[in-house]
Structures are given as C-alpha cells and as structure tokens.
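S.K.: The following block contains the structure, expressed as structure tokens.
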Amino acid sequence: MTSSLHHRAIDNLGTRIISGDLPAGHIMLAEQLEDELKVSRSVVREAVRVLQSLGLVETTKRVGIRVLPPSRWNPFDPQVIRWRLASDARGAQLRSLAELRAAVEPAAAELAAQNAPAPLRLELVDVARAMREAGNNGETARFLELDIRFHSLLLSGSGNEMFANLMGQVAETLTGRTVHGLMPDHPHQAALQWHVDVAEAIARGDAAAARDGSDRILRRTMARMADTWTEQPRVFIPVRP
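Sequential numbering from 3 applies to the sequence shown in this note's numbering.
Here it is in structure tokens:
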C-alpha cells in the first residue's frame, strides 16, 4: 500500500508540474501535500526526493518545495518523457525525441553492421520480418512490442553503451505514439520493408546501406509527425559560465 501511495504521489505531482498546473517558481509545503494527497509525511518526503532527482523540484530550508522550470528537468528520464507525452507539450516532446533518434539511430545502424554479434544480427532480421507481418495484420500491440525490440536491438548492436542507454527513451516514444493515437492500425508498407532492409543490411555487414535505411525511416517518421509540433516552443538550456 505504501509503495502504491508513493507512486501515486509521484505521478500526481509530476503530471501537474509538467502540465503547468504547478508552474515554475510555485512553492509547496510538505504539510500541505500531506493533506492534499492524503498521504503520510514519509510518502511525501520520498515523492519529493524522486522529483528532485528528475530536476522537477528543489527544497529550500524555511521556504519549502519549489517547482523548477523545464530547463532544469531531466529530459532523458523515461518518466519525464511519459508525463510530457501526456501533456499539452506532447508535440515538443515528440520533436525532441524524433530529432534525437534521427541523429543517433542511423549512426547506431552503421556501427551495428560493423560490430554486432551474429546472434543479434539474426534476431534483428527475425524481428523486422515479424514486424512486417504484424503491421500487415493490424496487430497493434504485437507490432509495438516488436518495434521496441527492433530499435532496442539496433541501439544495443552498435556496441556503443551510450547509444544503448537510449533504449528506454525510444521505448517511451514508440509507446506514447501508440497510446496517444499517432500510429496507424496498418503501418505504411514501404516503412515496414525499410525496417527489413535495415536489418538485412546489418546482417550482411553493409554499413552504408544500414545507415541510409535507418535515416530514411527516421526522416519519414519526422515528416509524418511534423504537424504535432508546428506551434510548440523549444526549450533552450542556459549555458553555464
């Protein structure tokens, strides 16, 4: 029960901060949160600790719990991504993630063609072909599972541990697009085949084809989603002296 209350408190406050209901600079007091959320002081304390680790709040003695601006949030945390995708800033979050993927995944595909172990190459081909089948059959849940697996394998296969640690962010992106109705029931035939082409290029060690194919997938993805972020402002992180 305590764990459930803890997660509910985190989700409640995190959602409200990211949606702007609790704006930057807003001050909260622990005792007020106890009454509002109907939880104990220890639950509030743990929830605030987690939100601090995500860059959403800071605590100040004799002042309280201060909400921090978006420039202080941890943009790589999957929970922050999930909250942003559920907010009015969904388009901006999708843009940031799409641009990150467009910068990283083609390079990861190229590296995977050069470095991935044989079992991973074989699994990637199997997953891409299963994706094509699930997409053609309109199996949305199955397609999402395979899509996450495909891109996770691609990042892992690069042999670059920093690329591989983006798996959680990519999974949240793909899940969010599905949950919020931004994926068609039947994905585009060409896009399904491009995933197979990338997997097969990696399997045979063709680094240039793997990179070009991944770049093609991401460019199409960005073109299809561009309308969601047309009017969304960007977040500029101050450069510290």
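C-beta atoms are modelled at their ideal positions from N, C-alpha and C, and glycine is treated no differently. Remember, it's a predicted structure, so these values are computed and weren't measured experimentally.
(1) Counting contacts by CB-CB distance shorter than 8 Å, is A193 in contact with chain B?
(2) Going straight from the alpha carbon of A166 to that of R43, what length do you get?
(3) Please say whether A11 and V41 have beta carbons closer to each other than 8 Å?
(4) Is E233 helix, strand or coil by DSSP?
(5) Considering only residues of the same chain and omitting the five flanking positions on each side of G137, which have a CB-CB separation below 6 Å?
(6) Using CA coordinates, which residue listed in A114, N162, S160 and A201 is at the minimum distance from A132?
(7) I'd like to confirm the pairing. Which residues does DSSP put opposite T61 in its beta bridges?
(8) Taking three-plus beta-carbon pairs below 8 Å as touching, is the region 87-104 in contact with the region 113-126?
(9) By Cβ distance below 7 Å, which residues in the same chain neighbour D187 in space, the five residues on each side in sequence not counted?
(10) Going by C-alpha distance, which of A110, D23 and E36 is nearest D208?
(11) Check I247 in the structure and name its three-state DSSP category.
(12) Could you have a look at R242 and say whether DSSP puts it in helix, strand or coil?
(13) Compute the Euclidean distance between the alpha carbons of L31 and I67, then round it to the nearest angstrom.
(14) Below 6 Å CB to CB, which residues in the same chain sit around S158 once its five sequence neighbours on both sides are set aside?
(15) Pull up the CB-CB distance for I20 and S89, whole angstroms please, since I reckon it's below 8 Å.
(16) M169 and S154: beta carbons closer than 8 Å?
(17) Kindly indicate the opening and closing residues of the alpha helix (DSSP H) around P121.
(18) Suppose you measure from the CA of L126 to the CA of F152; what does that come to, to the nearest Å?
(19) L184 to R64, Cα distance in whole Å?
(20) Return the CA-CA distance between D214 and V82, expressed in angstroms with no decimal places.
M.R.: Inspection of the coordinates gives the following:
(1) No chain B is present in this structure, which holds just one protein chain.
(2) Translated into positions along the sequence shown, residue 166 becomes position 164. Translated into positions along the sequence shown, residue 43 becomes position 41. Taking the straight line joining both Cα atoms gives about 38 Å.
(3) As a working mapping, residue 41 is identified with position 39 in the sequence shown. As a working mapping, residue 11 is identified with position 9 in the sequence shown. Going by C-beta atoms, V41 is nearer than 8 Å to A11.
(4) As a first step, residue 233 must be located in the sequence shown, where it is residue number 231. Coil at E233, not helix or strand.
(5) Translated into positions along the sequence shown, residue 137 becomes position 135. Around G137, the same chain offers F145, P189 and L194 as residues with beta carbons nearer than 6 Å, after the five sequence neighbours per side are excluded.
(6) Within the sequence shown, residue 132 is the residue found at index 130, counting from 1. Of A114, N162, S160 and A201, the residue nearest in Cα terms is A201.
(7) For the purposes of this step, residue 61 is taken as residue 59 along the sequence shown, with counting starting at 1. T61 is bridged by DSSP to I67.
(8) At 8 Å Cβ cutoff, the stretches do not touch.
(9) To locate residue 187, count along the sequence shown from 1; it is residue 185. Answer for D187: G140 and T142, listed in chain order.
(10) Start at 1 with the first residue of the sequence shown, and residue 208 comes out as number 206. When the alpha-carbon of D208 is set against those of A110, D23 and E36, the nearest one is in A110.
(11) This structure cannot speak to residue 247, because the chain is shown only from 3 to 243.
(12) For this step, residue 242 is matched to residue 240 along the sequence shown. Secondary structure of R242 (DSSP, three-state): coil.
(13) Reading the sequence shown from its first residue, position 29 is the one you call residue 31. Reading the sequence shown from its first residue, position 65 is the one you call residue 67. So the alpha carbons of these two residues sit roughly 6 Å apart.
(14) Walking along the sequence shown from the start, residue 158 turns up at place 156. Correct list, in chain order: A166.
(15) As a working note, residue 20 is residue 18 in the sequence shown. As a working note, residue 89 is residue 87 in the sequence shown. Right, their Cβ atoms sit about 5 Å apart.
(16) Start at 1 with the first residue of the sequence shown, and residue 169 comes out as number 167. Start at 1 with the first residue of the sequence shown, and residue 154 comes out as number 152. Yes; because the gap between Cβ atoms is below 8 Å, this pair is in contact.
(17) In the sequence shown, counting from the first residue as 1, residue 121 sits at position 119. Here the alpha helix (DSSP H) through P121 covers A120 to N138.
(18) Here residue 126 corresponds to residue number 124 of the sequence shown, with the count starting at 1. Here residue 152 corresponds to residue number 150 of the sequence shown, with the count starting at 1. Just so you know, the alpha carbons of L126 and F152 end up roughly 6 Å apart.
(19) Walking along the sequence shown from the start, residue 184 turns up at place 182. Walking along the sequence shown from the start, residue 64 turns up at place 62. Going from the Cα of L184 to the Cα of R64 covers about 45 Å.
(20) Taking the sequence shown and counting its residues from 1, the one referred to as residue 214 is at position 212. Taking the sequence shown and counting its residues from 1, the one referred to as residue 82 is at position 80. Each residue's CA atom was taken as its position, placing D214 and V82 some 31 Å apart.
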